[in-house]
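For reference, the structure is listed below as structure tokens.
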């Protein structure tokens, strides 16, 4: 796109008072009270007053809501299941601290080490959940590849084709690249558009309703750490409570320990199964999206644990496959929420959706 064409198109969309584009990039010169500035800093919605940082404009082109000046994020318009998950994690820790710690600590013989390990793994679990649920999963910038023809925006017919590129060094199978008509970019391999977040995510694994965020390249390691540390802390809690039960003399004293054992056994099942699933999927060099796309029905779920012949990223080694996915570099945030906003930045324009295969 030429610079003159970009400026003309920008003036046309920003000059229209009814357009959503102008409000996403123009910083109002009106004075706002200190109180409302503080409120907008605490919670930044798509109706908040624009500031000089990107976190005030990103909600207008996506479904993200930011907190504490862009340091934390979540997705609006969804069920608050992440709050339930936080409660499920905090409640047993509180009960464990009240009813079990002091009694087991007095047993001696190194039993206190189990308590220390529990708190350590629990802290990792809580921190990983917070990081995974509120960090950038790998959002790709918008409007990087916007064609301009005949002084108007159009999406050429060839943009709806799938582009085939040469394979990787480990695998010579071709790699497919698709164009996102919503974000107006040619997505990198393995990237996908999330309709819940309204953004394209690099190495998109899935959108997790339990953390209310996508799991992508920049937070996948935190997601796996959350699952594994949650399983370990649950096992340690069960072990400490079982140790307490072995030494109680009154039934009344055993009630909290029994409750925590039952609670942890029930709570650990889902994350344990999910962790095992990700171990198998990553060993075949697949993301969750790729796995679900390769199985035709629920009856074929075991078939998906075998790398398909068309997998362009398979290294022919299950260990290497797991390492390259689980330990992949996070990379830089391509759309920094706390970065300085430049008026006229095309990455923060919300262009109209295309009405057909040609006209926007």
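In the numbering used here, the protein residues as written are 413 to 772.
Yeah, the Cβ is synthetic: ideal placement off N, Cα and C, and Gly gets one too.
Model, not experiment: these values are computed from the prediction.
Query	Result
Rounded C-beta distance between residue 749 and residue 485? I'm assuming under 8 Å.	7 Å
Can you tell me which residues form a DSSP beta bridge with residue 577?	587
If I'm right that residue 504 touches residue 672 with Cβ under 8 Å, what's the distance once you round it to whole angstroms?	6 Å
Among 524, 642, 507, which one has its Cα closest to the Cα of residue 535?	642
Hey, quick one: how far does the beta strand (DSSP E) through residue 618 stretch, first residue to last?	618-620
Roughly how many whole angstroms lie between the Cα atoms of residue 632 and residue 726?	19 Å
Excluding sequence positions up to five away, which residues of its chain have a Cβ less than 8 Å from the Cβ of residue 621?	490, 491, 493
I'd like the list of long-range same chain contacts for residue 677, defined as Cβ closer than 6 Å, with 5 residues on each side in sequence excluded.	none
DSSP three-state call for residue 625: helix, strand or coil?	strand
Taking DSSP's pairing of strands, which residues face residue 485 in a bridge?	478
Given a threshold of 16 other Cβ atoms within 10 Å of its Cβ, counted over all protein chains shown, does residue 747 qualify as buried or as exposed?	buried
Could you tell me how far apart the beta carbons of residue 761 and residue 466 are, in whole angstroms, since I believe they sit closer than 8 Å?	Not quite, the Cβ-Cβ distance comes to about 13 Å (not below 8 Å), so this is no contact.
Mind checking which residues open and close the alpha helix (DSSP H) that includes residue 535?	524-546
Please list, in chain order, all residues of the same chain as residue 526 whose beta carbon is under 7 Å from its beta carbon, the five residues on each side excluded.	648, 651, 652
Can you tell me whether residue 506 is buried or exposed? The criterion is at least 16 other CB atoms within 10 Å of its CB, across all chains shown.	exposed
Please report the Cβ distance between residue 706 and residue 720, rounded to the nearest whole angstrom; I am assuming they are in contact, meaning their Cβ atoms lie under 8 Å.	5 Å
Answer with buried or exposed for residue 438, where buried requires no fewer than 16 other C-beta atoms within 10 angstroms of its C-beta.	With a pLDDT of 46 at residue 438, under the threshold of 50, the modelled position of that residue is not reliable, and the figure given next carries that caveat. It counts as exposed.
CB residue 590 to CB residue 614, shorter than 8 Å?	no
Going by alpha carbons, who is nearest to residue 680 out of 544, 758, 480, 497?	497
Is DSSP giving residue 702 helix, strand or coil here?	helix
Between the Cα of residue 567 and those of 552, 595, 548, 541, spot the shortest distance and give me the residue it belongs to.	595
Could you check what DSSP says for residue 456 in three-state terms: helix, strand or coil?	strand
Spatial neighbours of residue 612 within its chain, please: C-beta separation below 6 Å, excluding the five flanking residues on both sides.	552, 592, 595, 599, 603, 605
Rounded to whole angstroms, what's the CA-CA distance from residue 626 to residue 510? Just pull it up for me.	35 Å
Kindly indicate which residue of 474, 473, 635, 482 has the alpha-carbon position closest to the one of residue 452.	482
Tell whether a beta-carbon distance below 8 Å holds between residue 495 and residue 488.	no
Can you tell me which of the three DSSP states residue 650 falls into?	helix
Locate the beta strand (DSSP E) running through residue 611, then write down its first and last residues.	611-613
Between which residues of its own chain and residue 501 is the CB-CB distance below 8 Å, once the five residues before and five after are set aside?	534, 537, 538, 541, 642
For residue 758, which residues of its own chain have a beta-carbon under 6 Å away from its beta-carbon, when the five flanking residues on both sides are left out?	555
Quick one, which of 664, 558, 544, 475 has its alpha-carbon nearest residue 742's?	544
List the residues that DSSP assigns as beta-bridge partners of residue 551.	613
Which residues in the same chain as residue 668 place their Cβ atom closer than 6 Å to its Cβ, once the five residues preceding and following it in sequence are excluded?	511
Where does the unbroken beta strand (DSSP E) through residue 604 begin, and where does it stop?	604-606
Please say whether residue 696 and residue 738 have beta carbons closer to each other than 8 Å?	no
Identify, in the order they occur along the chain, each residue of the same chain with its Cβ nearer than 6 Å to the Cβ of residue 763, setting aside the five sequence neighbours on each side.	none
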